[in-house]
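Position one of the sequence shown corresponds to residue 367 (my numbering), numbered consecutively onward.
Backbone N, C-alpha and C define an ideal beta-carbon position, used for all residues, glycine too.
It should be emphasised that the depicted structure is a prediction, and the values quoted were computed from it without experimental measurement.
What follows is a set of notes on a single structure, which appears directly below.
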Amino acid sequence: MNLLNLLDKNSRIQISMVHFLLDYNAKTSTTTMIEELALTRFLFETNIEEVGSTLEQLNIGLSLTYDKIHNSITLQKDNHTSLDKFYYYYLNRSVDYQILIYLYQHPSYSIVDLSHSVSLSEAAIYRHLKKLNKEIKEFDIQIRKGTIIGDELQICYFFYQLFWVGVPLDELEGKTNDVSAMRFADYLEKKLKQTFTREAKLKLYLWIRILKTRILKQSLNDSSPILETFFDYQTEDSIYQIVRDAYFFSLSHSAVFGSPHNAIYLYLFISSMSIVPPDVAMILEDGYWPTSNPKIIALNELVVSKVKSDYQLGQEKIDETFIANWKYYLTQIHGSLLYFRGSITFLEEKIISERLLKATTFIPNFELANQIVDEGEILVEKALLDTTKQLVTRIYLYFINQIKRFSTNQITIGVHSSDDYLYSNIMVEMVKTEFENHFFITCEIAEFGKSYDILVTNSTISLCDFGYTDLYITNNFKTNKDVSSLRELLAKHSQKNKPLEE
């Protein structure tokens, strides 16, 4: 769910204007902006003046100058400026957002009261609710018959995402004054012998506040797919036991916090939202993986086995700290896949993904990550949302890029130029630029007496100085033939290094 979809047309235009200027290095022509954003002259004039006035009013280190005479628009941005308050200004004025806040505060509502609250007709309210139901569908919840229908865990998670993404963090922190929530966090820190980050505490406080609000406003439904399966295997989990003890400890000081489900909801949140630091020794005591959930373990092992097989990795070759950290990270992300559904953003995730892939991705890694996501979808027994797939793919890519450095499956390339050391460096950079995102290579200036899978040189005079499996004599990369021939050679070595199918 993109929060931009909750805004009216003019608000979306004004945010897109600021985004456009940031993408164009803060300066562009009027004509370019009108054409790129597909605006009429009237819409442009109306919104460029209004967004400039809004930025001046917010005083957040962003200012806009519209020069009609020279047909130019310039955005000035301080290095310390965050866009959070800019986004929130528009979100807070949105009717759709105001309706969601009303539903948070009044889980059981009447159309009459809701229409009075947001100053709209009942007919308009029904139109907005229909639109909102399309937006929140990915969370498996709907607004029906005067309430929000769905698994209580999912409803709480939706509001957590809404506030965490939509509200500036300093504003959330300013609302933190719950003694029982602080007592709960302090007890957890003490038992785990850790100090949580401010962000982790803020996440925890927000989650507790949402749980409390839901309890105060209505009785909880005892039926939940998560609750029905939880006790089969997780009540002996060491982290769950600590969370449960902390919950009952804080409960003695706050009867409002009381619910038979809250200890479980707290545990599921803490197990999936990176609250507990990865270096907590206790989470590794009960077994190889820091979880007792068999589906999470299966997902973790799927990722590790696929990557180890593809890069011919043995356990003894991988750094122990790396293993411990990634046990934690994989368990957290796979916990969130199983326990929660849906996500909220104020950015276009597709753009972020495309930029990341274009800039950093080794293409076979992308193919491997997609394969793991497809098989993981079968394991979790539910279709993953596109936004979830994008997020998980990025995490898998990062994992693969990190772990491949322990692999012995790289194609080693030595480069030697008869001209001089500088040109050898230039040739190394040429090889890396052309092939690093397509093949798993390591490339360096050839060292005397060292052996390589492929030796690339522009002369045969020094061949006896190096060891090599394959040789390629280049015309200093002055023709496309050099590139295509070396690509064929790399493809041959990639196929040779690929493990046999079982």
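DSSP three-state assignment for residue i, whether helix, strand or coil
| i | result |
| --- | --- |
| Tyr-475 | coil |
| Lys-511 | coil |
| Lys-541 | coil |
| Tyr-838 | strand |
| Leu-441 | strand |
| Glu-501 | helix |
| Leu-821 | strand |
| Asn-458 | helix |
| Asn-368 | strand |
| Gly-833 | strand |
| Glu-686 | helix |
| Glu-810 | strand |
| Thr-799 | helix |
| Thr-697 | helix |
| Arg-378 | helix |
Buried or exposed (CB count within 10 angstroms, at least 16 for buried), residue i
| i | result |
| --- | --- |
| Cys-522 | buried |
| Thr-657 | buried |
| Asp-603 | buried |
| Thr-727 | With a pLDDT of 49 at Thr-727, under the threshold of 50, the modelled position of this residue cannot be trusted, and the question is left open. |
| Ile-641 | buried |
| Thr-835 | exposed |
| Glu-733 | exposed |
| Val-545 | exposed |
| Ser-783 | buried |
| Leu-388 | exposed |
| Lys-569 | buried |
| Gln-464 | buried |
| Asn-824 | buried |
| Ser-485 | exposed |
| Leu-788 | exposed |
| Gln-861 | exposed |
| Asn-628 | buried |
| Cys-830 | exposed |
| Phe-814 | exposed |
| Thr-840 | buried |
| Gly-418 | buried |
| Ala-551 | buried |
| Asn-666 | buried |
| Gln-756 | buried |
| Arg-707 | buried |
| Ser-460 | buried |
Cβ-Cβ separation, residue j to residue i (assumed contact under 8 Å), whole Å
| i | j | result |
| --- | --- | --- |
| Leu-821 | Leu-837 | 5 Å |
| Glu-539 | Met-367 | In fact, because the Cβ distance is near 24 Å, the residues do not count as touching under 8 Å. |
| Ser-481 | Ile-491 | 5 Å |
| Glu-402 | Phe-386 | 6 Å |
| Leu-679 | Ile-777 | About 16 Å; that fails the 8 Å criterion. |
| Ala-547 | Ile-574 | 4 Å |
| Ile-811 | Val-797 | About 11 Å separates the two Cβ atoms, so there is no contact after all. |
| Leu-519 | Leu-634 | 7 Å |
| Tyr-526 | Leu-457 | That belief does not hold up - the Cβ atoms of Tyr-526 and Leu-457 are roughly 16 Å apart, past 8 Å. |
| Leu-632 | Val-609 | 5 Å |
| Val-669 | Leu-696 | 6 Å |
| Leu-554 | Asp-462 | 36 Å between Cβ atoms; not a contact. |
| Lys-470 | Thr-561 | For clarity, residue 470 is Tyr in the given sequence; the question names Lys instead. No, Tyr-470 and Thr-561 are not in contact; Cβ-Cβ is about 31 Å, not under 8 Å. |
Residue i: CB within 8 Å of a non-hydrogen atom of the ligand NAP
| i | result |
| --- | --- |
| Ser-702 | Judged by which ligands are present, the structure shown has none, so any question about the ligand NAP falls away. |
Between the segment 459-477 and the segment 433-451, do three or more beta carbon pairs fall short of 8 Å? Fewer than three beta-carbon pairs drawn from the segment 459-477 and the segment 433-451 are found closer than 8 Å, and the two stretches are therefore not classed as touching.
Uninterrupted alpha helix (DSSP H) stretches inside the segment 381-438 (no shorter than 4 residues): Runs of the alpha helix (DSSP H) spanning 4 or more residues and lying entirely within the segment 381-438 occur at 396-402 and 407-424, in chain order.
Where are the beta strand (DSSP E) runs, 3 residues long or more, that stay fully inside the segment 718-794, in chain order? Within the segment 718-794, the runs of beta strand (DSSP E) at least 3 residues long that lie entirely inside it are, in chain order, 777-782.
With contact counted as at least three CB pairs below 8 Å, one residue from each stretch, are the segment 393-400 and the segment 731-750 in contact? The segment 393-400 makes no contact with the segment 731-750, as fewer than three CB pairs between them are under 8 Å.
Run through the segment 533-583 for me and flag every whole alpha helix (DSSP H) of 4 or more residues, listed as ranges in chain order. Those alpha helix (DSSP H) runs which fall completely within the segment 533-583 and span 4+ residues are 535-540, 545-558 and 564-583.
Are three or more beta carbon pairs between the segment 498-517 and the segment 531-538 nearer than 8 Å? Taking 8 Å as the limit for Cβ pairs, the verdict is that the segment 531-538 does not touch the segment 498-517.
Any 3 or more C-beta pairs closer than 8 Å across the segment 685-704 and the segment 655-674: Three or more beta-carbon pairs drawn from the segment 685-704 and the segment 655-674 are found closer than 8 Å, and the two stretches are therefore classed as touching.
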